[in-house]
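Asker: Have a look at this one.
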Amino acid sequence: MLNDLAEKFERASRTYADVNGIERDADWFLLKLQEEIGELTQAWNRISGRGRRKGRSDEQLARDLADEAADVLGHILLFAHRNDLDLAAAIKRKWLFQPERG
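And the structure:
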């Protein structure tokens, strides 16, 4: 499931980079992730009253937060894909998920 989602993000990111003349070198993946985390933080600051709302409604702020969280997820998957990281295995190992019992 994660690999399929990562492939979709990869195609979209590659297309965006090609259209805009962006070189996605090894550093770009980490730097872009850092940028998106900053944007998520900014959205959180606005919705939690720690930043200027810039005239945005509660609904717009909630959508902004969800959009930025989606960007962070996408860039985590792009970073993992670029670096051949097996996130599914790492999640099982780190989070100690147990199989569901029916």
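One gets the working numbering by counting positions in the sequence shown from 1 and adding 977 to each. Each residue gets a CB set at the ideal place from its N, CA and C atoms; glycine is no exception. Predicted model only: the values in this text are computed from it and were never measured.
Can you list, in chain order, the residues of its chain with a C-beta nearer than 6 Å to that of E1013? Leave out the 5 residues immediately preceding and following it.
Answerer: On the sequence shown, position 36 is the one that residue 1013 refers to. Excluding sequence neighbours, E1013 sits near D1048, V1049 and H1052.
Asker: Buried or exposed: D1002, going by 16 or more other Cβ atoms within 10 Å of its Cβ?
Answerer: Counting from 1 along the sequence shown, the entry for residue 1002 is found at position 25. Exposed.
Asker: With DSSP as the reference, label I1068 as helix, strand or coil.
Answerer: Taking the sequence shown and counting its residues from 1, the one referred to as residue 1068 is at position 91. Here I1068 sits in helix by DSSP.
Asker: For L1042, report the span of its alpha helix (DSSP H) as first-last.
Answerer: By 1-based counting over the sequence shown, the position of residue 1042 is 65. Per DSSP, L1042 belongs to the alpha helix (DSSP H) from D1035 to R1059.
Asker: Grouping DSSP H, G and I as helix and E and B as strand, with all else coil, what is Q1075?
Answerer: Mapped onto the sequence shown, residue 1075 falls at position 98. Q1075 falls in the coil class under three-state DSSP.
Asker: Pick out whichever of L1055, D1041 and G1026 has its Cα sitting closest to the Cα of R988.
Answerer: Counting from one through the sequence shown, the residue named residue 988 turns up at place 11. Ranked by Cα distance from R988, the first of L1055, D1041 and G1026 is L1055.
Asker: Measuring straight from C-alpha to C-alpha, what distance separates D981 and R1040?
Answerer: One-based indexing of the sequence shown puts residue 981 at position 4. One-based indexing of the sequence shown puts residue 1040 at position 63. Rounded to the nearest angstrom, the two C-alpha atoms are 25 Å apart.
Asker: Taking all protein chains shown into account, decide if L1008 is buried (16 or more other Cβ within 10 angstroms of its Cβ) or exposed.
Answerer: By 1-based counting over the sequence shown, the position of residue 1008 is 31. Looking at its Cβ environment, which holds fewer than 16 other Cβ atoms inside 10 Å, L1008 is exposed.
Asker: Let me know the secondary structure DSSP gives G1028 once reduced to three states.
Answerer: Position 51 of the sequence shown, counted from the first residue, corresponds to residue 1028. Here G1028 sits in coil by DSSP.
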